[in-house]
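Input: a single structure, listed below in structure tokens.
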Amino acid sequence: MNVDCELLGALLSERRRGELSAEQADSLTAHLGGCARCRDEAEALGSVLAVVELPPVSAAEIEALRARRVSSPPPPIPGRDWRFPAVLVAAAAAAVLTVSVRPAPHLRREGVETGAADRTELLPAGTSQELFPDLGSDGADQPVDTADDDALSLEEPGLFGNLDG
Amino acid sequence: MTRSGRPRQVPQLTLLGRGAPTDESLVRAHLEGDRAAFGLLVHRHERLVLALVRRYARTPEEAADLVQQSFLRAFAAAGRVFPRMRLGEPGAFRAWLLRLSVNVGKNHARDGRRWRLEPVEAMELPAGGTGVTERIEAEQQKRLVRAALDGLSRRQREVFGLRVDGELPFAEVARVLGITENNAKVNFHHAMRRLRAQLGGEGER
């Protein structure tokens, strides 16, 4: 087996976990004996592996996880607060509506009566909530699948085949 | 109970056969209305999901929340995804679940506040006694590792997480990510070199 220097990190990781066959392990050892660059790098990468590895998940962690699942409702998806954008959308929509129903300036100058204008000026505060009662309510902050939704898709043909077929 | 007084017949695939049911058979059972099937999938994979997402969390509670979010998202998507899943391929569900979990963790970490290096004063440490210095050093080391991981490319980070945290063989890492095994290994090698450079010493430039 020829050892590719570009795979050294992976081979060291596999050797660390005992995943290499005897032949592969021998090839790696032989390669490290003859390749000074890889030999130096192997020592450093081995140290990095030791630093970055976390201890195995303990039985206590699993028990705590199960107890938590039973005793507490799950929190919302972290980092997602859709209430704020929903309010913005409602405000923007109300502003557009307000502008659209105001009379044109030349009509106002000429004193043309427009019922719409009168109604606009009488709109009380919180009009957007009346016009769009659903916006800003609890239902508006439901998570919307966006960038992270690729995890829920089946776009990997290697995994799930051609879905269109 | 049925009108005749006998218990309603619910598909009980979970007890069929000599060995444990495969993930894919549990997925089928879930689609057929076996309410216990998804719980068995959770029970089977929660340790691995926790191993994957805890790197993105600062506390055990946060990690537990991420595990819950992963399974909740899986459950919510089950009706849409499971019917299209190639259940004839062993490992299809697990690969999908692991990808989903990695993404839940990544989305969590996307909020920079959770990954920011914080001053020692902000750390939760005991008021005194032995081991304080060691804890400070361990905490700082953990944060340096997090910062170094943050410097990896997306693919390198995914490969690293599945291999080091999930302890998956490279063949399965490749399967989860939809890449070749050789590609996974090369990405891992470059991730390690970059981590080496970030954590001190020479390496990836």
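Chain order of the listed sequences is A and B.
No gaps in the numbering here: position 86 of the first sequence is 199 in my numbering, and each next residue is one more.
No gaps in the numbering here: position 120 of the second sequence is 198 in my numbering, and each next residue is one more.
All C-beta atoms in this analysis are idealised placements derived from N, C-alpha and C, irrespective of residue type, glycine included.
Helix or strand or just coil, what does DSSP make of D117/A?
coil
Looking at the C-beta of D330/B, does it have a partner C-beta in chain A at a distance below 8 Å?
Outside the modelled stretch of chain B, which goes from 79 to 283, sits residue 330/B, for which no answer is possible.
Entirely enclosed beta strand (DSSP E) segments - the segment 216-278 of chain B, minimum 3 residues
none
Within 8 Å of any Cβ in chain B, is that where the Cβ of E132/A sits?
yes
Per-residue contacts from E174/A into chain B (C-beta, under 7 Å):
L128, P138
On a Cα-Cα basis, can you pick out the residue from N185/B, Y134/B, Q146/B that is closest to A36/B?
Residue 36/B lies beyond the stretch modelled for chain B, which goes from 79 to 283, so this question has no answer here.
By the DSSP assignment, the alpha helix (DSSP H) with R150/A in it spans what residues?
149-165
What residues of chain B sit near V170/A, judged by a beta carbon separation below 7 Å?
R125, L128, A129
Using the three-state DSSP reduction, which class does V209/A fall into: helix, strand or coil?
helix
If you count every other CB in all the chains shown that lies within 10 Å of the CB of V257/A, and 16 or more means buried, which is it?
The pLDDT assigned to V257/A is 35, lower than 50, so where the model puts this residue is not dependable; a value taken from the coordinates is nonetheless given after this. Exposed.
Taking C-beta pairs closer than 8 Å, name the residues in chain B that V116/A reaches, listed in chain order.
Within 8 Å Cβ-Cβ: nothing; V116/A doesn't reach chain B, min ~12 Å.
For S140/A, does the three-state DSSP call read helix, strand or coil?
helix
Starting from L118/B, follow the alpha helix (DSSP H) in both directions and report where the run begins and ends.
115-131
What's the gap between the Cα of L119/B and the Cα of E217/B?
34 Å
Could you tell me the alpha carbon to alpha carbon distance between P99/B and A152/B, rounded to whole angstroms?
19 Å
Can you find the residues in the same chain that come closer than 7 Å, C-beta to C-beta, to L128/B, ignoring five residues on each side of it along the sequence?
A141, V145
What does the alpha-carbon distance come out to for the pair E259/B and F116/B?
30 Å
For L141/A and chain B, any beta-carbon pair shorter than 8 Å?
no
Classify T211/B as helix, strand or coil using the three-state DSSP reduction.
helix
Got a sec: is the Cβ-Cβ distance from R105/B to anything in chain A below 8 Å?
The displayed chain sequence assigns Val, not Arg, to residue 105/B. Cβ-Cβ to chain A under 8 Å: no for V105/B.
Given that a residue counts as buried once 16 or more other Cβ atoms are within 10 Å of its Cβ, and exposed if not, what is G97/B?
exposed
For a test of the three-state rule: what should DSSP assign to P99/B, helix, strand or coil?
coil
Are at least three pairs of beta-carbons, each pair with one atom in the segment 136-153 of chain A and one in the segment 105-113 of chain B, less than 8 Å apart?
no
Compare the C-alpha of R238/B against each of A206/A, A208/A, E166/A and name the closest.
The sequence given here places Phe at residue 238/B; Arg does not occur at that position. It is E166/A.
Quick one, which of A170/B, F160/B, L230/B has its alpha-carbon nearest G256/B's?
A170/B
Please report the straight-line C-alpha distance between A206/A and V159/B, rounded to a whole angstrom.
35 Å
List the residues of chain C that L120/A touches, going by C-beta distances under 9 Å, in chain order.
You won't find chain C in this structure, because its protein chains are A and B.
In the DSSP assignment, the alpha helix (DSSP H) including R158/B goes from what residue to what residue?
138-159
Give me the Cα-Cα distance between H144/A and H267/B, rounded to the nearest whole angstrom.
16 Å
Does DSSP put R181/A in a helix, a strand or coil?
helix
Within 10 angstroms of the Cβ of H186/B, are there 16 or more other Cβ atoms? Answer buried if so, exposed if not.
buried
Under the assumption that L240/B contacts V251/B (Cβ atoms under 8 Å), give the Cβ distance between them as a whole number of angstroms.
4 Å
Does any CB atom of chain B fall closer than 8 Å to the CB of R150/A?
no
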